[in-house]
Amino acid sequence: MEALFSGVELLARWDVLAALLIGSIGGVVIGAIPGVGAAVAIAILLPATFSLDPIVGLTILLGIYGSSMYGGALPAILINTPGTAVNALTTYDGYPMTKRGEARRALALAYSASFFGGVFSIICLIVLSPVLALIAPHFGSREIFLAALLGIVLVVLAHRGQIFAAGMLAAFGLFLNTVGLEPVKYTRRFTFDQSWLTGGFDLIVVVLGLFALSQAFILLVDKDNTPHPQPIKGSMFGNLGELFKFKRVAAASSSFGVMMGMIPGVGEFTAQFMSYTYARKTSKKPELFGKGSPEGLIASEAANNAVPGAAMIPLLALGIPGEALTAMMLSVFYVHNVIPGPQLFQNNLDFVYALYIAMLLLNVIVIVFLIFSTNILVKVIQIPTRFLGVIILTLSFVGVYSLRNSVTDCAVAAGFGVLGLVLKRLNLPIVPIILGMVLGQIMEVKLRSSMARVKTPLDFVDRPIAAILAGLLLLVIVLHIRTLFKEHKNRIAEQDHDHDVHDSQQR
Amino acid sequence: MQRFKTLQDMFKRYRRPGDLVFAVLFLAFALFLMLSLDDQTTWVKRTKTVSQPAFWPTVAVWVMLGFGLLHLIGSLVSPRISGRLTEVIFWLRSVEFAGWFMAYVLLVPRLGYLPSTIIFTVSLAFRLGYRRWQALLSAAGIGVLIVLIFKTFLQVKVPGGQIYEMLPGTLRAFMLTYF
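Respectively, the protein sequence lines represent chains A and B.
Mind the numbering: the first sequence is residues 342 to 848 in this note's numbering, read in order.
Mind the numbering: the second sequence is residues 3 to 181 in this note's numbering, read in order.
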C-alpha cells in the first residue's frame with residue numbers, strides 16, 4: 342500500500358500530468374488517422390523523450406500506446422478502414438452498424454468496451470504486482486534466456502500462415518544485433534572493414550526506418566486519397582451505458598486480452614481471435630457476427646485495449662518485451678539507466694505503480710476527450726494521404742537525426758525504410774525483426790552468463806522456473822503442430838477468406 | 003459469410019505480387035552471409051561454444067538460410083500472381099523519396115533547421131502534385147510547427163545551420179538556440 346501512495350506522489354507533478362495529457366490525446370488523434378499508428382508515433386518521439394525524466398518520457402509513450410487503439414476504432418467504424426492494425430476486426434461489425442445508421446451506437450460501444458478493457462487490465466495488474474514482486478527474483482539468467490527464447494518462438498508461431506517468413510525475419514533481427522564490435526572478446530562481426538558498421542545497428546534507427554520512414558514512403562509513392570467520413574449527430578452519453586447489457590462478453594474479452602498480453606510474442610490478434618470466437622459461440626444471435634453484432638464489436642475492442650497494460654508485465658518484471666512497442670519502450674528505460682527486470686519490482690515498486698496509475702488516468706482522459714471530440718477527430722482524419730507522408734517524413738528526420746546528428750544513421754534508416762516498404766507491401770511481418778534484435782541481445786548475454794554453472798544440458802533446467810519454461814517451449818511447439826493438423830481439417834473455403842484482414846498489420 | 007473459423011484462417015496472410023523476388027533476394031543475402039561467416043566472425047580459443055563471438059551470428063545466419071529456403075520453396079510452388087514488375091517498380095519508386103530525405107538531412111547543417119524544413123515540406127508538397135497556394139502554405143505551416151515543437155520547445159539536438167553564422171550577434175544566438 343505504501344508503494345501505491347508513493348507511486349501517486351511520483352505522478353503528482355505538472356510535467357508528468359502534462360505528459361499524460363499530451364500522450365493520451367495525441368495517441369487518440371494519431372490512432373484515428375489511417376496510415377499512422379502508435380508504432381510510427383512512438384518511433385518518432387522516442388529520441389525526443391530521452392532528454393526528459395524517465396517517468397515523463399514513459400508517460401508520453403504509454404499514453405500513445407494505450408490510447409491509439411481508441412482512436413483507431415473511429416475510422417474502422419465510420420469508413421471501414423482501421424486506424425491502427427489491431428482495429429481491423431472492429432471493421433467487421435462496426436462498419437455494418439454504420440451502414441445501418443447506427444454509427445453513434447457503434448462508436449459509443451467501441452469507446453466503452455475499450456475503456457472497460459483498459460481499466461480491467463490495469464486493475465488486474467495492480468492486484469498482481471505484489472505477486473510478481475515475489476516471483477520475479479526467482480528469474481536468473483537461464484530463466485530470462487528461456488523466457489526470451491519462448492518469446493522468439495511465440496512471435497514466429499503467432500504469424501500463422503507466414504511462419505517461414507516470420508522465422509527468417511526474426512533470424513534477420515538476431516543477425517542485425519550481432520553486427521559490430523562484440524563487447525566481450527572485442528572481435529568484429531560482419532563489419533566488412535567498414536568503420537560505420539563497427540558500432541552495429543542502433544535499434545532506434547532500425548525501428549524508425551522500418552516503421553516511420555517506410556510508412557512515409559508508402560504514402561508518398563501511392564495514389565493520393567482523402568477519407569470523407571460523415572459527422573456524428575447527437576450525444577454519445579446515452580449509448581455508453583449499453584455496454585452493461587454485454588458485460589459478460591466485455592469481461593471475458595478483457596480477460597483474454599490480459600492473458601495474451603502477458604505472454605511475450607502473442608498480443609492483440611490472438612486475444613481478439615479468442616474473444617471473438619468466444620463471443621460468437623456464446624451469443625444468442627451468432628448469425629449477426631460479421632454483419633454488425635454489438636457483441637463482436639465489444640469483443641474486438643475490449644480485448645485489444647486490455648493488452649497494453651498486460652504487455653508491460655514481461656517488460657517490467659523480466660525486461661522482456663512482448664512486441665514492437667514495448668521493445669521501443671525498453672530503450673527508454675536503458676537510456677535512463679533504469680533496468681527493467683526482477684530488481685525493478687523489488688526496489689522500485691512505486692515506479693511500477695506510478696506507471697499503472699498513469700495508464701489508468703489516461704483511459705479516463707481519453708474517454709472524456711472522445712465523448713466530446715469525436716466530430717473534431719472526424720475532420721482530422723481527412724488529411725490527404727500524400728500530405729500525411731510529407732509530415733511523417735519530416736518528423737522522421739527529427740527522430741533519427743536528433744539521436745547523434747549522424748548522416749550515416751539517416752542513410753541506414755532510409756535503407757531500412759525501403760526494406761520496410763517492401764515488407765509492408767508484401768504483407769510480411771516487421772515485428773519479428775525488432776523482437777529478434779532486442780531478444781537476441783538478451784539471449785546472447787544471458788546464455789553466456791548462465792553457462793558458468795552449467796555442466797550438462799540437464800543442469801540448465803534443474804530449477805523449477807527454468808524447467809517450467811523449457812516444458813512450455815516444448816508444449817508450444819507440439820501444440821502448434823497438433824493445431825495445424827486440426828485446423829487443416831476445419832478450414833473454410835479459400836474464396837471465403839478475407840484476404841485483407843491484416844492488410845494494415847504493419848502500421 | 004463466416005470469414006474465419008480457426009486461428010489459421012484469421013492469421014493467414016496471402017502472397018502478394020513480388021513475393022518471389024523478395025524470397026530470392028533474401029535467400030541470396032543469407033547465402034552471402036553464410037559464405038562470409040568464416041571471414042567476418044572469430045572463434046576464439048579456450049571458450050565454450052555458446053560464449054564464442056561467432057556463435058550467435060552463426061545461429062542467426064543458418065536460421066535465416068533455413069527459413070529463407072522454405073519461404074522460397076513456398077513461393078515457387080504457389081501459383082504465379084500477375085503484377086510482379088509493377089510491384090518491383092513501386093518498390094524502386096520509394097528510392098526517390100529516400101533521396102529527398104537524404105537531401106533534407108544534408109541541407110539542415112548548412113541552411114539551418116527552420117529554413118531547410120520549410121524548403122523541404124513546400125518543395126516535396128509541390129513535387130507530389132499539390133499546386134494550390136493553400137496546400138503549399140499548409141506545408142510551410144506544418145514545417146514551422148514541427149520546428150517549434152521539437153527544436154524550440156523540446157530542444158532536441160539538431161545543430162544550427164552554417165548560414166546562421168552570418169547573422170548579427172543576438173539574432174545569431176537566438177536562431178542557433180531555437181531554430
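For each residue, glycine too, the CB sits at the ideal point set by N, CA and C.
Being a predicted model, the structure only gives us computed values, none of them experimental.
Taking C-beta atoms as the reference points, D691 of chain A and S347 of chain A count as a pair closer than 7 Å.
Interface annotation, S624 of chain A: not in contact with chain B, CB-CB separation never under 7 Å. Under the 7 Å criterion on CB atoms, A100 of chain B is classed as interfacial with respect to chain A. In the structure shown, L156 of chain B falls within a coil segment according to DSSP collapsed to helix, strand and coil. Under DSSP, R530 of chain A shares a beta bridge with A:G521.
Think of a sphere of 8 Å around the beta carbon of K50 of chain B: the chain A residues whose beta carbon falls inside it are M792, in chain order. Rounded to whole angstroms, the gap between the alpha carbons of T532 of chain A and L35 of chain B is 11 Å. Remark: C-beta atoms of K153 of chain B and V146 of chain B do not approach each other more closely than 7 Å. The Cβ atoms of S595 of chain A and F456 of chain A lie no closer than 7 Å to each other. T400 of chain A has its alpha-carbon roughly 39 Å from the corresponding atom of T824 of chain A. At a cut-off of 7 Å between beta carbons, E636 of chain A makes no contact with chain B. Following the DSSP letters along the chain, one finds E642 of chain A inside the alpha helix (DSSP H) bounded by residues 635-659. Per DSSP, the continuous alpha helix (DSSP H) segment holding M36 of chain B begins and ends at 21-42. Note on G550 of chain A: 16 or more other CB atoms within 10 angstroms of its CB, so buried under the neighbour-count rule. Between the alpha carbons of L351 of chain A and F516 of chain A lies a distance of about 39 Å. A distance of 7 Å or more separates the beta carbons of G740 of chain A and E664 of chain A. At a C-beta separation below 9 Å, F728 of chain A has these neighbours in chain B: A127, L130, Y132, A137, S140, A141, I144. Against chain A, the CB of L72 of chain B has a partner CB under 7 Å away; the residue lies at that interface.
Collapsing the DSSP output to three states places F738 of chain A in a helix. Going by beta carbons, P388 of chain A and L744 of chain A fall inside the 7 Å limit.
Membership of R621 of chain A in the alpha helix (DSSP H) is indicated by the continuous run 609-623. For K159 of chain B, the chain A residues whose C-beta falls within less than 7 Å of its own C-beta are S743, N746, listed in chain order. Between I83 of chain B and R17 of chain B the beta-carbon gap is near 6 Å, inside 8 Å, which marks them as a contact.
Distance from the Cα of A699 of chain A is smallest, within the candidate group A:G730, A:S408, A:I783, A:L776, for A:S408.
By the CB criterion at 7 Å, T567 of chain A and P725 of chain A fall inside the cutoff. The beta carbon of A373 of chain A lies closer than 8 Å to those of G412, G413, L415, P416, G424, L718, V721, I722 in the same chain, with the five residues before and after it left out. Within the same chain, V397, T400, I401 come within 6 Å of A360 of chain A by CB-CB distance, once the 5 residues on both sides are set aside.
Remark: C-beta atoms of V779 of chain A and A651 of chain A do not approach each other more closely than 7 Å. Here DSSP, grouped into helix, strand and coil, assigns G458 of chain A to helix. By the rule that beta-carbons nearer than 7 Å mark a contact, R441 of chain A does not touch chain B. According to the DSSP assignment, R86 of chain B belongs to the alpha helix (DSSP H) that extends over 86-113. Each of A:G758, A:I680, A:M577, A:I661 was checked against the Cα of V548 of chain A, and the nearest Cα belongs to A:G758. The Cβ atoms of L561 of chain A and G376 of chain A do not sit closer than 7 Å to each other. Apart from the 5 residues on each side of it in sequence, P770 of chain A sits with its Cβ closer than 6 Å to the Cβ of H500, A507 in its chain, given in chain order. Contacts with chain A (Cβ-Cβ distance below 8 Å) from the segment 18-42 of chain B involve R18, G20, D21, F24, F28, A32, L35, S38, Q42, listed in chain order. Residue ranges of uninterrupted alpha helix (DSSP H) with 4 or more members, entirely inside the segment 527-566 of chain A and ordered along the chain, are 536-539, 544-548, 555-562.
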